[in-house]
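**Student:**
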Amino acid sequence: MLGGVSSLRAVLFRTEEAILVAQYFMAYPTGVEFVLQFMFRTPRSSPRGARMILPPHNEAPEEAMQFGVQYPDGSKWTNTTVWMPRRGDEPPPAPIVFPRGGGGGDRSWRQRFWMWPLPDEGQLTFVVAWPELGIDEQSTVIDTTDLRRAAAEAEVLWED
């Protein structure tokens, strides 16, 4: 299936030294893929890449970035409750957000995510805090109308 493209872009935080953006939303009837893009003004001596998003052993050390989403119905996911699917597993209660690949260097890092299920009509809230960078908890809200429109435009490539 080809996903439907959404033009949404949400700045989750911006400082003089760093920015975090959720963008490149690709919507499907079952969920949404998106990219978190970190950009730093100056090179970081020890970029942590995925550790910024998925703390080791599902624990959020005080300096790590804390990231979460809240669906229109109030259900939530955070990066301290990571669930990685395995064949035959029953999914836990929705929502589920998990990484799909990423990469970068000392000034920029991209991480793709799959978010399930497709959010209902309403407001989707991204929440982020990053104590190491002095970012207190803050939230950014997007309307799901464009995601749902894009999901309706997803195209089935082959009927089985």
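Numbering (the numbering used here), first residue to last: 138 to 297. Each residue gets a CB set at the ideal place from its N, CA and C atoms; glycine is no exception.
1) For the 8 Å Cβ check, are there 3 or more pairs between the segment 221-241 and the segment 266-285?
2) Whether or not the segment 277-293 and the segment 234-243 are in contact is what I'm after, with contact meaning three or more pairs of Cβ atoms, one per stretch, closer than 8 Å; do they touch?
3) Our contact map puts L139 next to E292 with C-beta atoms below 8 Å; I'd like the distance itself, whole angstroms only.
4) Spatial neighbours of L261 within its chain, please: CB distance less than 6 Å, with the 5 preceding and 5 following residues excluded, ordered by chain position.
5) Taking 7 Å as the limit between beta carbons, can you name the residues of its chain near S143, skipping five residues before and five after?
6) Taking the alpha-carbon of V148 as reference, which of Q203, F263, D297 has the nearest alpha-carbon?
7) If you drop the 5 nearest sequence neighbours on each side, which residues of the same chain put their C-beta closer than 6 Å to that of M176?
8) Using DSSP's beta-bridge definition, name the partner residues of E296.
9) Can the beta-carbon of F171 be found closer than 8 Å to that of A159?
10) Based on the DSSP secondary-structure assignment, which residues constitute the bridge partners of F177?
11) Leaving out five residues on either side along the sequence, give the residues of the same chain with a beta carbon under 7 Å from the beta carbon of D210.
12) Assuming P254 contacts P268 under a Cβ cut-off of 8 Å, what Cβ separation, rounded to an integer in Å, is found between them?
13) Kindly list the residues whose CB is nearer than 8 Å to the CB of S212, restricted to its own chain and excluding five residues on each side of it in sequence; keep chain order.
14) For my contact list, F306 and V234 are in at a C-beta cut-off of 8 Å; report their separation, rounded to the angstrom.
15) What are the residues that DSSP puts in a beta bridge with R249?
16) Measure the C-alpha to C-alpha separation of Q248 and Q203 and round it to an integer number of angstroms.
17) Quick check on DSSP: helix, strand or coil for A291?
**Tutor:** Quick look at the numbers:
1) no
2) no
3) 5 Å
4) Closer than 6 Å at the Cβ level, and outside the excluded window around L261, lie I279, T281.
5) F162, A164, D283, L284, A287
6) F263
7) I156, S245
8) Paired residues: none, contrary to the question.
9) yes
10) Answer is A155.
11) D257
12) At roughly 31 Å, the Cβ-Cβ gap does not stay under 8 Å, so P254 and P268 are not in contact.
13) Excluding sequence neighbours, S212 sits near P230, A231, P232.
14) In this structure the chain extends from 138 to 297, so residue 306 is not present and cannot be described.
15) Per DSSP, the beta bridge partners of R249 are V172, G238.
16) 14 Å
17) Residue state, collapsed to three classes: coil.
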